[in-house]
Amino acid sequence: MMQEHELRDLGIFRIPLPIPFRQAGGPVNAYVIEEEGGLLLFDPGLGTAPSQAALAEGLEQTGHGFKEVTRIILSHGHLDHFGAAAWVAEKIGREIPISIHGADADKVLQSGTDWPPLINRNAGYLKRLGVPLPTIEETATSIGTNAAFGRRLAHVTPLVPGDRFHCRHATLEVHHMPGHTPGLCCLYERNHRLLFSADHVLERVSPNPLIDLRPNGEPSSFKPLVSYFESLERVRSLAVDLVLPGHATPFNACIDVIDSLHDFYRRRQAKIIEILERGPRTAYEVMRELFLSSDGFELILMISEILGNIEVLEKRGEVVREEEDEFILFRTA
């Protein structure tokens, strides 16, 4: 099996970048891949001074510079992966394509919505999930704007599943893997059995597919964890020797990690069933019984995990929802 140090022979370089999010499981990774006459940059990282400095230093250590970057590919629309894109484009000094899947484009564009107003617009839906209004207001207030971690982009080009990028020693295929976000994409190198997994498959933490809060405040039809499991099975069908993740170090045992993720979620769903067997609950009430405390963005992560698992149980017919005027309640079937 290929090891990380052998990637350099393929013109592939990993640059770990510091981030202030402990839940991510480690530094975010920017990947530089040599193309004919340039560089492909996959996920430039967070738009903070420490992260940008680490990206500049790491790029220099590869023997390359920003002027050689000919395209930027964004795996998904989370700031720790795209926040430095505008800064990199300025360092390049000319227009280059910056690509992302259309389902995540609104998350990276200047017309997108920051988390605080997004939470406020979805207050009605969150209240129906059982979150008290004061808690919603406190969460929106405690979460800073995106400006602290990077800038949004004026425009992007679509990243299309099935597209191929022919680099010097590698051909990268685009695979759409919705779950963590609706538009997350991985890159797959078939000849050398490499998977650039972004946040879809991580070795030490569960990617926690996030609740999809819509700009208009209406509930989304996208079911993150249901979609995530479907995408995981597509990864299982790929021949992968080395996973190049969005966070922390590369790893070999892709199938073992997928199996452990399934085990983790089975245990979580069993606990949710135990709670609902005691009577109908809102998603927030289930969350409070499973987690001791939550505030700020932690609440979004936790409510996402609970609702996602409940939707999986709904699909399996083990849980049903009862929509009342004020709340959405869940009970065992």
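Numbering (my numbering), first residue to last: 38 to 370.
All residues carry an ideal CB built from backbone N, CA and C; glycine is no exception.
Taking the C-beta atoms as reference points, Asp236 is found no nearer than 9 Å to Leu224. In this chain, the beta strand (DSSP E) harbouring Glu210 covers Thr208 to His213. Contact annotation, Leu231 with Leu279: C-beta distance approximately 5 Å; criterion of less than 8 Å satisfied. When DSSP reads this structure, Tyr225 sits in a beta bridge with Glu210 and Leu232. Beyond the five residues adjoining it in sequence on each side, Asp249 comes within less than 7 Å, by CB distance, of Pro219, Ser257, Phe259 and Pro261 in the same chain, given in chain order. Every alpha helix (DSSP H) of 4 residues or more that sits fully in the region 320 to 369 is shown, in chain order, as 320 to 327 and 334 to 352. Residue Ile70 holds the alpha-carbon nearest to the alpha-carbon of Phe202 among His299, Ile70, Glu322 and Ser88.
Secondary structure of Phe119 (DSSP, three-state): helix. Ile343 is positioned such that its CB atom lies no closer than 9 Å to that of Leu163. When DSSP reads this structure, Pro282 sits in a beta bridge with Ala235. Taking 9 Å as the cut-off, the Cβ atoms of Leu190 and Ala122 count as close. Taking the C-beta atoms as reference points, Ala67 is found no nearer than 9 Å to Leu76. DSSP, reduced to helix, strand and coil, places His203 within a strand of the structure shown. Around the beta carbon of Ser234, 16 or more other beta carbons sit within 10 angstroms, so the residue counts as buried.
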